[in-house]
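In order, the protein sequences belong to chains A and B.
Using this note's numbering, you'd call the opening residue of the first sequence number 4 and step up by one each time.
Using this note's numbering, you'd call the opening residue of the second sequence number 29 and step up by one each time.
Encoded as structure tokens, the structure appears first; notes follow it.
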Amino acid sequence: MKDTCIENVELNSYLDQALSEHRTRSIRAHLAGCDACRQRLEILVRTDAAINRITPLSPSADFDASFWRKVAQLEPQPSRLRQIAAFFTGWRPVLAASAAAALIAAVLLIPRGTQAPTPGEVFMAENINLLNDLELIQSLDLFENWDAIQEMKVEG
Amino acid sequence: MLRFQAGDQGAFRQLFDRHKGRVINYCYRYCGNAQIAEELAQETFLRVYRAAARYRPRARFKTWLYKIAANVCLNELRRVEHRIARESIDAAGDEGESGSRREPAVDPAAHPDERLAQSEREHMVHQAIEQLQADQRAALLLRVDMAFSYREIGQQLGRSENHVKTLIHRGRNKLKSLLAGYFGESS
Numbered sequence: 004m005k006d007t008c009i010e011n012v013e014l015n016s017y018l019d020q021a022l023s024e025h026r027t028r029s030i031r032a033h034l035a036g037c038d039a040c041r042q043r044l045e046i047l048v049r050t051d052a053a054i055n056r057i058t059p060l061s062p063s064a065d066f067d068a069s070f071w072r073k074v075a076q077l078e079p080q081p082s083r084l085r086q087i088a089a090f091f092t093g094w095r096p097v098l099a100a101s102a103a104a105a106l107i108a109a110v111l112l113i114p115r116g117t118q119a120p121t122p123g124e125v126f127m128a129e130n131i132n133l134l135n136d137l138e139l140i141q142s143l144d145l146f147e148n149w150d151a152i153q154e155m156k157v158e159g
Numbered sequence: 029m030l031r032f033q034a035g036d037q038g039a040f041r042q043l044f045d046r047h048k049g050r051v052i053n054y055c056y057r058y059c060g061n062a063q064i065a066e067e068l069a070q071e072t073f074l075r076v077y078r079a080a081a082r083y084r085p086r087a088r089f090k091t092w093l094y095k096i097a098a099n100v101c102l103n104e105l106r107r108v109e110h111r112i113a114r115e116s117i118d119a120a121g122d123e124g125e126s127g128s129r130r131e132p133a134v135d136p137a138a139h140p141d142e143r144l145a146q147s148e149r150e151h152m153v154h155q156a157i158e159q160l161q162a163d164q165r166a167a168l169l170l171r172v173d174m175a176f177s178y179r180e181i182g183q184q185l186g187r188s189e190n191h192v193k194t195l196i197h198r199g200r201n202k203l204k205s206l207l208a209g210y211f212g213e214s215s
């Protein structure tokens, strides 16, 4: 093979008509004068021909029928919107609403047992506005023990 | 395909009838077994059917169709082979048959010796093709059998054009070596 001969990769590309017009013309000109490259190209052509000469297969008698049976078994997939809409129709939403209503009724209506409020709780409920004077309230303990504090001062 | 997308079922039937023969034969050249080829071809059209909603006419329909066929052959061949082998064994029972292998009819007008020779030659070619790497086989068949361009084959196989060129070059050269006996000469 001469230095000017065509590389195998390029010969393949020439065969596949995948080269530029300029390169194709120059290879064609080379082939016209090079027996070695023409023989190499001829072997590639015969390799392709071996594939193309494989006797074509005709579909079997059952090919169409068995294919359409498979198509019939394909279940149509509902769109996402239809899937969401289907959730809000039918028996499911009725059941869910009933269960929610029953739960709310149980919370509101079932007695949890009652106890009488303590005197402290009654006092707080009657004097709820004292919370506005929190500082006064926090000092109440101090006033409760005022006598004891005064005695401590005298002793000290 | 666009008519089928719009709901025209008859349009899909037309596509199926128009392309099924070539798809079956692409699969047959790929796998060398008629029964498996038909399974692969049916799987290809089932995927076309299911994917209709996603089809966008960015390329020729045929390019898209064979993208699916090539990927079905690349990814489903083993599964289909195993399933058919299992079914054949179950059906054969104690007889030990390996299952049906429906062969295409060679030229009935040819002399019996010629028919035998043709059948043997084709068997040799099938065996040689099966020895190619999967992606070389796919690329070479898309080029030689279906005449797709390197660019289209790149789209179908998810490869660059340069990679496709390399796959075809290596696949063809290997096939050439394996078929040296077919040509009656040394490679």
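Ideal Cβ placement from N, Cα and C applies to all residues, glycine included.
Within chain A, partners of residue i - CB distance below 7 Å
i	result
B/Val172	Asp51, Ile54, Asn55
B/Ile117	Within 7 Å Cβ-Cβ: nothing; B/Ile117 doesn't reach chain A, min ~21 Å.
B/His197	Asn11, Val12, Asn15
B/Tyr58	Ordered by position in chain A, no residue passes the 7 Å Cβ test against B/Tyr58, which lies about 11 Å from the chain.
B/Glu150	Ile57, Thr58
B/Leu203	Thr50
B/Tyr210	Ala53
B/Ala62	Leu60
Contact check, residue i vs residue j, beta carbons under 8 Å
i	j	result
B/Tyr94	B/Tyr54	yes
A/Leu60	A/Leu14	no
B/Thr91	B/Glu189	no
A/Ala68	B/Leu207	no
B/Ala156	B/Leu203	yes
B/Glu104	B/Glu71	yes
A/Thr50	B/Arg200	yes
A/Ile46	A/Ile30	no
B/Leu68	B/Ala162	no
B/Ala79	B/Phe32	no
A/Asn55	B/Val172	yes
B/Tyr178	B/Val192	yes
B/Gln146	B/Ala137	no
Local Cβ density within 10 Å of residue i, reported as buried at 16 or more and exposed below that
i	result
A/Val125	exposed
B/Lys48	buried
B/Ile117	exposed
A/Ser23	exposed
B/Asn61	buried
B/Leu185	buried
A/Ser101	exposed
A/Ser16	buried
Proximity winner among the options, relative to residue i (alpha-carbon distances)
i	options	result
B/Arg86	B/Leu30, B/Val108, B/Arg78, B/Met174	B/Leu30
B/His154	B/Phe44, B/Arg46, B/Cys59, B/Arg50	B/Cys59
A/Asn11	A/Cys40, A/Leu106, A/Arg28, A/Ala104	A/Cys40
A/Ala75	B/Leu74, B/Ile96, B/Arg107	B/Leu74
B/Ala218	B/Arg187, B/Met174, B/His197	Absent from the model: residue 218 of chain B. The displayed extent of chain B is 29 to 215, so no value can be given.
B/Tyr56	B/Val100, B/Gly35, B/Asp45, B/Arg46	B/Val100
A/Ser63	B/Gln63, B/Ile112, B/Ala39	B/Gln63
B/Thr194	B/Tyr77, B/Phe176, B/Val108, B/Gln164	B/Gln164
B/Glu216	B/Val172, B/Gln183, B/Ala65, B/Arg198	What is shown of chain B runs 29 to 215, which leaves residue 216 of chain B out entirely.
B/Arg46	B/His191, B/Phe89, B/Ile196	B/Phe89
B/Ala169	A/Ile57, A/Leu106, A/Ala99	Per the sequence presented here, residue 169 of chain B reads as Leu, with Ala not at that position. When only C-alpha atoms are compared, the closest one is A/Ile57.
A/Phe70	B/Tyr77, B/Ile112, B/Arg106, B/Arg107	B/Tyr77
Neighbour list for residue i in chain A, Cβ cutoff strictly below 9 Å
i	result
B/Lys193	Val12, Asn15, Ser16, Asp19, Ala21
B/Leu207	Arg49, Thr50, Ala53
Contact set between residue i and chain B, taken where Cβ atoms lie within less than 7 Å
i	result
A/Val48	Ordered by position in chain B, no residue passes the 7 Å Cβ test against A/Val48, which lies about 10 Å from the chain.
Contacts that residue i makes with chain B (C-beta to C-beta distance below 9 Å)
i	result
A/Leu77	Leu74, Tyr77, Arg78
Item to complete: Please list the residues of the stretch 100 to 111 of chain B that have a C-beta atom closer than 7 Å to any C-beta atom in chain A, keeping them in chain order.
Response: none
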